[in-house]
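Asks:
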Amino acid sequence: MTADTVAVAEVWRREAPHILTALLRRHGTDASTLDLLGVLRRSGPPYELTAGEIARRTRITTGGVSQRLARAERAGLVERRRAEGDSRSVTVRMTAAGMRLLDATVAELFAEEEATLTDEDLDKLRSADEGNDDKHTGKSARKEY
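Numbering (this note's numbering), first residue to last: 87 to 231.
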């Protein structure tokens, strides 16, 4: 990271908590639910993981994941079902409503980010992002939340 990139990151780090809190409130969700949906999205189609795998990927206890899942399921953002062949394991799949919420929230977050930073700041971040493509997919991490 260059000094310019660090300076831009500091601006965003200072502004982001306020922006994110307001944005999540407008969408009727919270950071932990958004994190859950992001983990499912990054898993790729069909956007489904076991509860245990979600716990491993988020580094949250299984009890914490269960609470997040219950909240997201009540909101219609995920569906839970017993895994085939293992009645002890629960499979979680993101619903269309969950995908819509995630896409809308992240798109608005990126728009807020761009509105907060100057054109010079954004150019610096884009330059830094060019070298940070995902090693497996070649895609920018920013494009696939």
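Where is the CB? At the ideal position from N, CA and C, for every residue including glycine.
1) Apart from the five residues just before and just after L195, which ones in its own chain have a Cβ nearer than 8 Å to its Cβ?
2) Evaluate contact between the region 161–179 and the region 118–135, counting only Cβ atoms and requiring at least three cross-stretch pairs below 8 Å.
3) Can you have a look at G114 and say buried or exposed, based on whether 16 or more other CB atoms are within 10 angstroms of its CB?
4) Assuming contact is defined by CB atoms lying nearer than 8 Å, are T148 and G162 in contact in what I supplied?
5) Exposed or buried, which one is D207 when buried takes at least 16 other CB atoms within 10 Å?
6) Answer yes or no: does any C-beta atom of chain C fall closer than 8 Å to that of L106?
Replies: Looking at the atomic coordinates:
1) In the sequence shown, the residue the question calls residue 195 occupies position 109. I105, L106, L109, listed in sequence order.
2) yes
3) Translated into the one-based positions of the sequence shown, residue 114 becomes position 28. Exposed: under 16 other Cβ atoms inside 10 Å.
4) The count along the sequence shown starts at 1 and reaches residue 148 at position 62. The count along the sequence shown starts at 1 and reaches residue 162 at position 76. Taking 8 Å as the Cβ cut-off, T148 and G162 do not qualify as a contacting pair.
5) On the sequence shown, residue 207 is found 121 positions in, with the first residue counted as 1. Buried, because 16 or more other Cβ atoms sit within 10 Å of the Cβ of D207.
6) The chain labelled as chain C is not found in the depicted structure, where only one protein chain is given.
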